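Heads up: the structure comes next, in structure tokens.
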Amino acid sequence: QIRPWDQELVPLAEQISQWRAEYSAAISAEITATCAQFLPEFELRFSFQRGWDKESDYAELLERNFERDRALTYTASGPHKADFRIRAEGTPVEDLLSRGQLKLLMCALRLAQGEFLTSQSGRRCIYLIDDFASELDESRRRLLADRLKATQAQVFVSAISAGHVIDMTDEKGKMFRVEQGKIAVQPED
């Protein structure tokens, strides 16, 4: 019953993998530039892993691993196992960067994706950042705030303290407070 589905899966998996590889190549320059701005102290390398060995034919791999996958009750390789790997100085970033640096890296990746999307579609993204100040020192918060403002996109951030997002506000911005479950507009000083 499962093998006929593999015949359907293989061409679709290969197409998805091709699209992802093309996207990764297209966005690579934007990611590199944005990450260099946020984490100039690291030489970062990015790679796309398609979810199965690049030397293997996916149909043959599924056939070869059929019994193992059936015992596992899931397919152990394929586009659902694809990954975007990032290394700093040759080491996986999760093993080298601090939590704050990882947060900044993730923000840089989202900003790069947003800038790429804007360049392709002409439409700006909306950015949502929960607990803006968490893990970031004042200079990193300012850097992120400045870069977000430069996108001219709509940005929603949450923070424990209004002082943590002061760099985000401008004449167009509004700040809201949540107190005891009620939302109120923060008065301008």
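The numbering used here numbers the first residue of the sequence shown as 380 and each following residue consecutively. Backbone N, C-alpha and C define an ideal beta-carbon position, used for all residues, glycine too. A quick note: this is a predicted structure, and the numbers were derived from the prediction, not measured.
As DSSP reads the structure, VAL564 sits in a beta bridge with PHE555.
With contacts defined as CB atoms closer than 9 Å, ARG520 and ASP546 qualify as a contacting pair. The segment 529-544 and the segment 509-519 touch, with three or more beta-carbon pairs separated by less than 8 Å. In the three-state reduction of the DSSP assignment, ASP474 falls in the helix class, which pools H, G and I.
Collapsing the DSSP output to three states places PHE445 in a helix. Distance from the CA of ALA405 to the CA of PRO566, rounded to the nearest whole angstrom, comes to 44 Å.
Inclusion of ILE505 and GLN533 in the CB contact set at 9 Å is warranted, their separation being smaller than that value. GLY469 is positioned such that its CB atom lies closer than 9 Å to that of ARG424. Within the same chain, ARG502 and CYS504 come within 8 Å of LEU496 by CB-CB distance, once the 5 residues on both sides are set aside. For the pair ARG464 and GLN428, the CB atoms are nearer than the 9 Å cut-off.
When secondary structure is reduced to three states using DSSP, ALA491 falls in the helix class. DSSP, read as helix, strand or coil, puts ILE395 in helix. Residue LEU476 holds the alpha-carbon nearest to the alpha-carbon of PRO419 among SER456, LYS561 and LEU476.
Of the candidates LEU388, GLY479 and LEU481, the residue whose Cα lies closest to the Cα of LEU440 is LEU388. Counting every other CB atom within 10 Å of its CB across the protein chains shown gives TRP431 a total of 16 or more, marking it as buried.
Buried is the label assigned to ALA491, since at least 16 other Cβ atoms lie within 10 Å of its Cβ. The alpha-carbon separation between GLN559 and PHE535 amounts to approximately 20 Å. Shortest Cα-Cα distance from LEU484 to any of GLU494, PHE417 and SER456 involves PHE417. Straight through space, the alpha carbons of ARG447 and LEU391 are spaced by roughly 22 Å.
ALA438 sits close to GLN386, with the two beta carbons spaced by under 9 Å.
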